[in-house]
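K.L.:
Mapping of the sequence shown onto this note's numbering: residues 352 to 445, in sequence order.
Let me give you the structure first, and then I'll get to my questions.
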Amino acid sequence: MLTGNIGISEYEIVTNTIVTDSFRFKETTANCPGVKQVIGGGTFINMSSPRVATLDSRPTLTSPAGWTASAGETGGEVGDWSLTVDAICANVGF
Numbered sequence: 352m353l354t355g356n357i358g359i360s361e362y363e364i365v366t367n368t369i370v371t372d373s374f375r376f377k378e379t380t381a382n383c384p385g386v387k388q389v390i391g392g393g394t395f396i397n398m399s400s401p402r403v404a405t406l407d408s409r410p411t412l413t414s415p416a417g418w419t420a421s422a423g424e425t426g427g428e429v430g431d432w433s434l435t436v437d438a439i440c441a442n443v444g445f
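Dropping the structure here:
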């Protein structure tokens, strides 16, 4: 028999943006607060150049729950850019 609240409640989006600079590789994580679990996420490259690409975008594998992403320059002079990661977090009951 199941007890307690079943389902998803109190979702929120947690955002983290890594510093804007010309470093060729960036990785950052948006962590869920408290006991909330990550139920989704994504990443955005803050640069219009086609020479920066997302390399990885996934849930974190360790506590705290969150979303991790990385991106890198694919060649040529790119200039300054930053990486934003969003984690969709919620209370999850079973």
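Just so it is clear, CB atoms sit at the ideal spot from N, CA and C, and this is done for glycine as well.
Return yes when the Cβ of VAL436 is within less than 8 Å of the Cβ of ILE379, no when it is not.
P.N.:
Here residue 379 turns out to be Thr, not Ile, going by the sequence shown. Against a cut-off of 8 Å, the Cβ pair of VAL436 and THR379 comes out as a contact.
K.L.:
Spatial neighbours of LEU434 within its chain, please: C-beta separation below 8 Å, excluding the five flanking residues on both sides.
P.N.:
The beta carbon of LEU434 sits closer than 8 Å to those of THR368, ILE369, LYS377, GLU378, THR379, THR394, PHE395, ILE396, ASN397, ALA420, SER421 and ALA422, all from its chain and outside the five residues before and after it, given in chain order.
K.L.:
Do the CB positions of PRO534 and GLY392 come within less than 8 Å of each other?
P.N.:
What the structure shows of the chain is the stretch from 352 to 445, and residue 534 is not part of that stretch, so it cannot be assessed.
K.L.:
I need the boundaries of the beta strand (DSSP E) containing THR371, first residue and last residue.
P.N.:
Here THR371 belongs to no beta strand (DSSP E), and DSSP marks it neither H nor E.
K.L.:
Let's test the definition: count the other Cβ atoms within 10 Å of the Cβ of VAL389 and tell me whether it reaches 16, buried, or not, exposed.
P.N.:
Buried is the call here.
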